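Q: Those letters in the sequence shown? Residues 82 to 545, by this note's numbering. For every residue, glycine included, the Cβ atom is placed at its ideal position computed from N, Cα and C. Every value quoted in this text rests on a predicted model; they were computed, and no experiment measured them. My questions will all concern the structure given below.
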Amino acid sequence: KAFYRKKNSLLHVNTNYFTLQVSPVLYLNAGKQTENNTDLLYINTRGAEVRGSIDNKVGFYFFAADNQMLMQDYATQRTFLPGFSDPIVPGEGFAKYFKTNRGVDFISARGYITFGVTKHIKIQFGHDKNFIGNGYRSLFLSDNAAPYTFVKVITEVGKFKYTNLFADMNAGYMNGQRYNNKIFTMHHLSYNILPNLNIGLFESIMQGPKDSAATSTPWQLNYLNPIIFSRYIESYQGSDDNSMMGLDLKWNFLRHFSFYGQVLLDEFILKEVTKRTGWWGNKQALQMGLKYVNAFGVKNLDLQGEMNYVRPYVYSHKSNFTSYTHYNQALAHPLGANFVEWIGIARFQPAKRLFLTGKLFYIKTGEDSSSLSSNVNNNRGGNIFKPYTSVATANTYGNTIGQGIATDIIIASLQVSYMLKHNFYIDLYLQYRSKNSAMESRSLNTTFVSGGIRWNLPSRVQEY
């Protein structure tokens, strides 16, 4: 009697003190890119999703899947980084080679337990990702990187919502060796000024080992302080950790519109900003976006426009132990820094089971001539894994977005999804990506067409 009681569940149990829902997950997709490669590209994911609760106070969630993938050329380049013997799958982490020197085989595993401490406070412990913001991207904390172990405390009182996040992260993975861990602390306080207007204050600290030969990074008790303003604690201790602050806003207006934004300050000295001399330490980022629901009076037509502006050297620090990264991946925007990006998204549901999504990205950035060298001539501010120590004295002024090897990227995609049964989709996907680089050998144009089925899973896309 417990089987197939819910449309999206294989198993469902519901008693006075215990609930359990087990759902299969499946993603089978295959396609071709028209340039540079004749291989059949594919995604093969099989697994299960488990969720439930105990005594209406403790909730749990677990996801596990086995995956094999062969991706487009540009995504493969990001997976198989120069100087690294092992592939690192974007958003996943370590992988093994599968069949060819371009295929990957990896396990996805995420999960957490949530405790209701009081009516207003809950604690979550697990291994997963987190996202802070209202946009398609986040300049604070996104789901771009691999999952990590964390403790999250969420407090909601009246118009206030306060989130504390304490996470154990990894400084990188190279040539079969996992780097030492590093500690991440984040606070986000939001307040509903009006029913339709919310503002938030964000801050974070990335703490690495004081000794590079250390095998782990110990927690500093001061950073476990749940009160916001860790930047003050860092300054008081004379710490050399990487701290950032930011503001975010969301404003719903005229029933159909929502404006949102983020401002991130990695470094900020007002006199250097006002002089407009391109000081290397002017490390700020800005996001602005607008959503239009039921656009032009058309039901189920939603439009979104977004701009992300990130100056050179934002998120970078003195080493991978304090850079804003985890497992060789950016914790915020997948492009790192030194770019401006415009995004347009249209979502339309013309029929009950039919979903159309079109996206357009335009990116202007600047690349280094070498991804391996960290000397000052090969660090133009986009690769956030490179230390900025030599830049501070050699390239002090004259830094602008797009410096380095000028690069323009255009991505246009259309996805058509038909829901055959609850949460079971048939997908058709078309993507065009054009990369034009001042270094001709790096220019790459790809057209990708794929189709497949998807059950209880979101689409897996590579948009960078």
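(1) Would you check if the distance between the CB atom of Asp489 and the CB atom of Lys445 is smaller than 8 Å?
(2) Which residues share a DSSP beta bridge with Gln205?
(3) Locate the beta strand (DSSP E) running through Glu448, then write down its first and last residues.
(4) Bridge partners of Asp147, per DSSP?
(5) Could you name the residues that DSSP lists as bridge partners for Trp332?
(6) Does DSSP classify Phe175 as helix, strand or coil?
(7) To the nearest angstrom, report how far apart Val344 and Leu367 are at their CA atoms.
(8) For Met520, count neighbouring Cβ atoms within 10 angstroms of its own Cβ and tell me buried if that reaches 16, exposed if not.
(9) Do you know how far the Cα of Trp536 is from the Cα of Asn261?
(10) What residue range does the beta strand (DSSP E) around Thr100 cover?
(11) Could you please give the first and the last residue of the uninterrupted beta strand (DSSP E) stretch that includes Leu121?
(12) Measure how close the beta-carbons of Asn460 and Ser450 come, nearest whole angstrom, since I'm counting them as under 8 Å.
(13) Please state if the CB of Leu220 and the CB of Asn389 are separated by a distance shorter than 8 Å.
(14) Measure the CB-CB distance between Ala411 and Asn225 and report whether it falls below 8 Å.
(15) In or out: Leu275 buried (at least 16 other Cβ within 10 Å) or exposed?
(16) Spatial neighbours of His208 within its chain, please: CB distance less than 8 Å, with the 5 preceding and 5 following residues excluded, ordered by chain position.
(17) Note down, one range per segment and in chain order, each beta strand (DSSP E) of at least 3 residues found wholly within the stretch 398-440.
(18) Can you find at least 3 beta carbon pairs, one from the stretch 527-542 and one from the stretch 510-519, that sit closer than 8 Å?
(19) Starting from Gln554, follow its DSSP beta bridges and name the residues at the other end.
(20) Determine the contact status of Gly34 and Met369, defining contact as a CB-CB distance below 8 Å.
(21) According to DSSP, what are the bridge partners of Asn261?
A: Per the coordinate set shown:
(1) yes
(2) Looking at the DSSP output, Gln205 sits in a beta bridge with Thr195, Lys233.
(3) 435-448
(4) Arg127, Ile188.
(5) Leu278, Phe340
(6) strand
(7) 5 Å
(8) exposed
(9) Just so you know, the alpha carbons of Asn261 and Trp536 end up roughly 37 Å apart.
(10) 99-114
(11) Here Leu121 belongs to no beta strand (DSSP E), and DSSP marks it neither H nor E.
(12) No, Asn460 and Ser450 are not in contact; Cβ-Cβ is about 10 Å, not under 8 Å.
(13) yes
(14) Yes, the pair counts as a contact, with Cβ atoms nearer than the cut-off.
(15) exposed
(16) So the qualifying residues of the chain are Ala190, Arg191, Gly192, Tyr193, Pro228, Tyr229, Thr230, Phe231.
(17) 420-432
(18) yes
(19) With the chain represented from 82 up to 545, any question about residue 554 goes unanswered, as that position is not in the structure.
(20) No answer is possible for residue 34: it lies beyond the span of the chain, which begins at 82 and ends at 545.
(21) Its beta-bridge partners do not exist; DSSP assigns none.
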